[in-house]
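A.B. asks: Residue numbers (my numbering), protein chains in the order written: chain C, 2 to 368; chain Y, 2 to 368.
No residue lacks a Cβ here, since even glycine has one placed at the ideal position from N, Cα and C.
The structure under discussion is supplied below as structure tokens; questions concerning it will follow.
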């Protein structure tokens, strides 16, 4: 095999597929990138068996073939090359030479036949969404996927689609993030859970433009078709939370509050409550304002903010991190928070925007 | 004690003195910042017993006094406050309140009498240098102070002054960085070694302007007077290397080479030699060019660069990191490298600039 192409184009492709390569594994082939020629293209593939990414670039193919190269080393070499053309050649003894200007590298390769084939996704369930929208939806929900493996299904996010509505939902036992978007495909009805790690990597590859991503769901895998790149991930199995039952529109107390002011106040209060120890931040909601306090052996803090109250005053306490996470990813100026009681979950929602909502459990306090 | 001042001014002062506070220590008072009022000023002090920093800012002193506050917490609180005035008040039970807008913090304090006084530096040895020059000199030499404590004197940099010439020198057993600057004080003659950690912190405080820093050397301490801030550090005791004996002007081989090209080539070769294992990068200097090779179980690399050679061809090998460090901090386009033999140190110097030189030991190779 022999091909020649521009350094920056090759580097860009390597940066994309590298996200699916294993870094430390007992199987060295999973640390490789497979490169396969096809007419005047090469396809680069990374595959750690959970997640696979392939991308195709136009190059000058001088001799057809395929090679499997250690991903990290190859990426670092290409990154450090001076600008211009790079020539990659397989020579006898399974050595690949990488030549650019007066730089020449020789590195050993793995057997490309050992590289695991990406699963084929046979699907009659698909829909399209813009890259920008998908990136945003992931950003607004990914932070509340479960971090531990005690319930593996919650380490993923649910893709729930019906009646032309796409809901992306994550839950970690303390809170639920929900984001909704209308899609064109009105007939599709499905629920599937995609691993959080897959979505994190996809969000990094997606740029902010309005081009479409087409998403295909197969029996065990999902395929994100990003035009020149394809991302294939296994799906998680198990029963997701019936989250709809817990998002209620009823409230006994509702406040309207400036998001940034509330975020800054909670962040300050959190300095006193200091995360590790999970000391709550207390909210005292009165007719005129909200008083935010924290109290630990370090000291105390007290903040006062204006609110508009509907319903009854309330005292309630939260883990400040769980409030901060949601307040950071909302972009609207004003938010509503609905409360039922001091032991029931609260629901945070932007004032003029139904596409996002966030549910968070309070911490019980003694008064 | 009670004072009021602008948040940003207070934050800036805290960021400066915080650099001298201990982070984890058996003596909680060393994790504190001492604040002392004086007319319409307050002086903030951090002191970890190796390094002390004090800075003075103009504030509205409402009640004179002094307090010792946990540095990290106080800094984080002030950083998160909204812009505007901050009021700091000592109330009974050794509690300090920090009030800004509708935010109020109460935190406990330490006894300010326990705070260690900064040593007084009585000195008849002093000189001045611009902030910009001092920052640059530290940047160009700090990377080769010894990282381990086996010879404590080499964890510092030597300030060597005579005949209006100031030399800053560091050495770690494998290489020597030397930087020179003319100073106005022609009568001063001295040699003192300042801890590397002190210089790192000073470099962070110094801005890039042409204002002067005045440096006073006492018997055991050095004082850097930065106008509104003072940095006091202990000096290191012991005998520094007689480095002048090893910087020779003799050479058997001299090359003139483009610095950036050489740096990029060595960085690429280092990918194959991979730091941890200390495999050398080999330089083969011929009449026309330099050939840079590395060869490990990962693979091989070969680079060719144009040079101008004076003297004899030579083959020599180096730890690539030791070349990269120096090539990065030089700013000139072209450099000279002088060699005596394949087992003698090489000396790197910018072509038209005698103020910087760098000596590095080769690695023995078998041919």
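Would you call residue 151/Y buried or exposed, if buried means 16 or more other Cβ atoms sit within 10 Å of its Cβ?
C.D. replies: Taking the first residue of the second chain as position 1, residue 151/Y is located at position 150. Within a 10 Å sphere around the beta-carbon of residue 151/Y sit fewer than 16 other beta-carbons, which makes this residue exposed.
A.B. asks: Which whole-angstrom value is the C-beta distance of residue 232/C and residue 241/C, which I expect to be below 8 angstroms?
C.D. replies: Against the first chain, residue 232/C aligns to sequence position 231. Against the first chain, residue 241/C aligns to sequence position 240. About 21 angstroms separates the two Cβ atoms, so there is no contact after all.
A.B. asks: Can you find at least 3 beta carbon pairs, one from the stretch 113-120 of chain Y and one from the stretch 295-315 of chain C, that sit closer than 8 angstroms?
C.D. replies: no
A.B. asks: Please list, in chain order, the chain C residues whose beta carbon lies closer than 9 angstroms to that of residue 105/Y.
C.D. replies: As a position in the second chain, residue 105/Y is number 104, starting the count at 1. Going along chain C in sequence order, the residues near residue 105/Y (Cβ under 9 angstroms) are 301, 302, 303, 304, 305.
A.B. asks: Using only the alpha-carbon positions, how far apart do residue 367/C and residue 344/C sit?
C.D. replies: Here residue 367/C is taken as the residue at index 366 of the first chain, counted from 1. Here residue 344/C is taken as the residue at index 343 of the first chain, counted from 1. The straight-line gap from Cα to Cα measures roughly 11 angstroms.
A.B. asks: What residues in its chain sit with their C-beta under 6 angstroms from that of residue 53/C, if we drop five residues either side in the sequence?
C.D. replies: Along the first chain, one-based indexing puts residue 53/C at 52. Cβ neighbours of residue 53/C beyond the five flanking positions: 21, 119, 233.
A.B. asks: Please report whether the beta-carbon of residue 265/C lies at a distance below 8 angstroms from any beta-carbon of chain Y.
C.D. replies: Within the first chain, residue 265/C is the residue found at index 264, counting from 1. By this cut-off, residue 265/C is an interface position.
A.B. asks: So for residue 300/Y, helix, strand or coil by DSSP?
C.D. replies: Residue numbering aside, residue 300/Y sits at position 299 when the second chain is read from its first letter. It is a strand residue.
A.B. asks: Out of 291/C, 82/C, 101/C, state which residue places its alpha-carbon closest to the alpha-carbon of residue 264/Y.
C.D. replies: Counted from its first residue, the second chain places residue 264/Y at position 263. Among 291/C, 82/C, 101/C, the Cα nearest to that of residue 264/Y is on 82/C.
A.B. asks: Give a yes or no on whether 8 angstroms exceeds the smallest Cβ distance from residue 310/Y to chain C.
C.D. replies: Here residue 310/Y is taken as the residue at index 309 of the second chain, counted from 1. Not closer than 8 angstroms to any Cβ of chain C, the Cβ of residue 310/Y fails to qualify, so no.
A.B. asks: Pick from 44/C, 174/C, 198/C: whose alpha carbon is nearest that of residue 230/C?
C.D. replies: What you label residue 230/C is simply residue 229 of the first chain in a count that begins at 1. The candidate whose alpha carbon is nearest that of residue 230/C is 44/C.
A.B. asks: Alpha carbon to alpha carbon, how far is residue 92/C from residue 296/Y? Give it in angstroms, no decimals.
C.D. replies: As a working mapping, residue 296/Y is identified with position 295 in the second chain. As a working mapping, residue 92/C is identified with position 91 in the first chain. One C-alpha to the other measures close to 17 angstroms.
A.B. asks: Identify, in the order they occur along the chain, each residue of the same chain with its Cβ nearer than 8 angstroms to the Cβ of residue 26/C, setting aside the five sequence neighbours on each side.
C.D. replies: Sequence index remark: in the first chain, residue 26/C carries index 25 (1-based). 32, 49, listed in sequence order.
A.B. asks: Is there a Cβ of chain C sitting closer than 8 angstroms to that of residue 1/Y, yes or no?
C.D. replies: Summary: the structure shown does not reach residue 1/Y, with chain Y confined to residues 2 through 368, and so no result is reported for it.
A.B. asks: Name the chain Y residues that come within less than 8 angstroms of residue 81/C, Cβ to Cβ?
C.D. replies: For the purposes of this step, residue 81/C is taken as residue 80 along the first chain, with counting starting at 1. Residues of chain Y passing the Cβ test: 265, 268, 269, 272.
A.B. asks: Would you tell me roughly how many angstroms separate the C-alpha atoms of residue 183/Y and residue 269/C, rounded to the nearest one?
C.D. replies: Translated into positions along the second chain, residue 183/Y becomes position 182. Translated into positions along the first chain, residue 269/C becomes position 268. Residue 183/Y and residue 269/C: Cα-Cα distance of roughly 49 angstroms.
A.B. asks: At a Cβ cut of 9 angstroms, what residues of the stretch 108-125 of chain C count as close to chain Y, listed as they run along the chain?
C.D. replies: 108, 109
A.B. asks: Quick one: list the residues of chain C neighbouring residue 77/Y, beta-carbon separation under 8 angstroms, in chain order.
C.D. replies: On the second chain, position 76 is the one that residue 77/Y refers to. Under the 8 angstroms cutoff, chain C gives 272.
A.B. asks: Going by the DSSP bridge assignment, what does residue 38/Y pair with across the sheet?
C.D. replies: The residue you call residue 38/Y lines up with position 37 of the second chain. In the DSSP output, where bridge partners are listed per residue, residue 38/Y has 43/Y.
A.B. asks: Mind listing the chain Y neighbours of residue 31/C? Cutoff is C-beta to C-beta under 9 angstroms, in chain order.
C.D. replies: Translated into the one-based positions of the first chain, residue 31/C becomes position 30. In chain order: nothing, as chain Y lies at least about 18 angstroms away.
A.B. asks: Examine chain C for any beta-carbon lying closer than 8 angstroms to the beta-carbon of residue 315/Y, and answer yes or no.
C.D. replies: What you label residue 315/Y is simply residue 314 of the second chain in a count that begins at 1. Proximity of residue 315/Y to chain C, defined by a Cβ-Cβ separation below 8 angstroms, is not satisfied.
A.B. asks: Between 320/Y, 40/Y, 253/Y, which has its C-alpha nearest residue 337/Y's C-alpha?
C.D. replies: One-based indexing of the second chain puts residue 337/Y at position 336. Residue 253/Y holds the alpha-carbon nearest to the alpha-carbon of residue 337/Y among 320/Y, 40/Y, 253/Y.
A.B. asks: Is residue 100/C near residue 2/C, with beta carbons less than 8 angstroms apart?
C.D. replies: Within the first chain, the letter at position 99 stands for residue 100/C. Within the first chain, the letter at position 1 stands for residue 2/C. No. Outside cutoff.
A.B. asks: Nearest to residue 171/Y by alpha carbon, out of 77/Y, 222/Y, 243/Y?
C.D. replies: Here residue 171/Y refers to the residue found at position 170 of the second chain. Closest in alpha carbon position to residue 171/Y, among 77/Y, 222/Y, 243/Y, is 243/Y.
A.B. asks: Of the residues that make up the stretch 53-75 of chain Y, which ones have a beta carbon closer than 7 angstroms to any beta carbon in chain C?
C.D. replies: Under the 7 angstroms Cβ criterion, the stretch 53-75 of chain Y contributes 74.
A.B. asks: Are residue 302/C and residue 106/Y closer than 8 angstroms when you measure CB to CB?
C.D. replies: As a first step, residue 302/C must be located in the first chain, where it is residue number 301. As a first step, residue 106/Y must be located in the second chain, where it is residue number 105. In this structure, residue 106/Y lies closer than 8 angstroms to residue 302/C by Cβ.
A.B. asks: For residue 256/Y, which of 299/Y, 352/Y, 59/Y has the nearest alpha-carbon?
C.D. replies: As a working note, residue 256/Y is residue 255 in the second chain. Of the candidates 299/Y, 352/Y, 59/Y, the one whose C-alpha sits nearest the C-alpha of residue 256/Y is 352/Y.
A.B. asks: Would residue 211/Y be called buried (16 or more neighbouring beta carbons within 10 Å of its own) or exposed?
C.D. replies: For the purposes of this step, residue 211/Y is identified with residue 210 of the second chain, where counting begins at 1. Under this definition residue 211/Y is an exposed residue.
A.B. asks: Is the Cβ-Cβ distance between residue 325/C and residue 261/C less than 8 angstroms?
C.D. replies: On the first chain, position 324 is the one that residue 325/C refers to. On the first chain, position 260 is the one that residue 261/C refers to. No; because the gap between Cβ atoms is not below 8 angstroms, this pair is not in contact.
A.B. asks: Tell whether a beta-carbon distance below 8 angstroms holds between residue 360/Y and residue 346/Y.
C.D. replies: Taking the second chain and counting its residues from 1, the one referred to as residue 360/Y is at position 359. Taking the second chain and counting its residues from 1, the one referred to as residue 346/Y is at position 345. It is a contact, given that the beta carbons lie within the stated cut-off.
A.B. asks: From 159/C, 174/C, 126/C, 155/C, pick the residue whose C-alpha is nearest to that of residue 138/C; which is it?
C.D. replies: Locating residue 138/C in the first chain gives position 137, counting from the first residue. Checking every option, the nearest Cα to that of residue 138/C belongs to 159/C.
A.B. asks: Taking DSSP as the reference, what is the three-state secondary structure of residue 344/C?
C.D. replies: In the first chain, the residue the question calls residue 344/C occupies position 343. Here residue 344/C sits in coil by DSSP.
A.B. asks: What three-state label does DSSP hand residue 83/C in the structure shown?
C.D. replies: The sequence position of residue 83/C within the first chain is 82, counting from 1. It is coil, neither helix nor strand.
A.B. asks: Between the alpha carbons of residue 381/Y and residue 122/C, how many angstroms are there, rounded?
C.D. replies: This structure gives no information on residue 381/Y, because the portion of chain Y shown stretches from 2 to 368.
A.B. asks: Cutting at 6 angstroms between CB atoms, please list the residues of its own chain near residue 227/C, excluding the five before and the five after it.
C.D. replies: Taking the first chain and counting its residues from 1, the one referred to as residue 227/C is at position 226. Here the set comprises 214.
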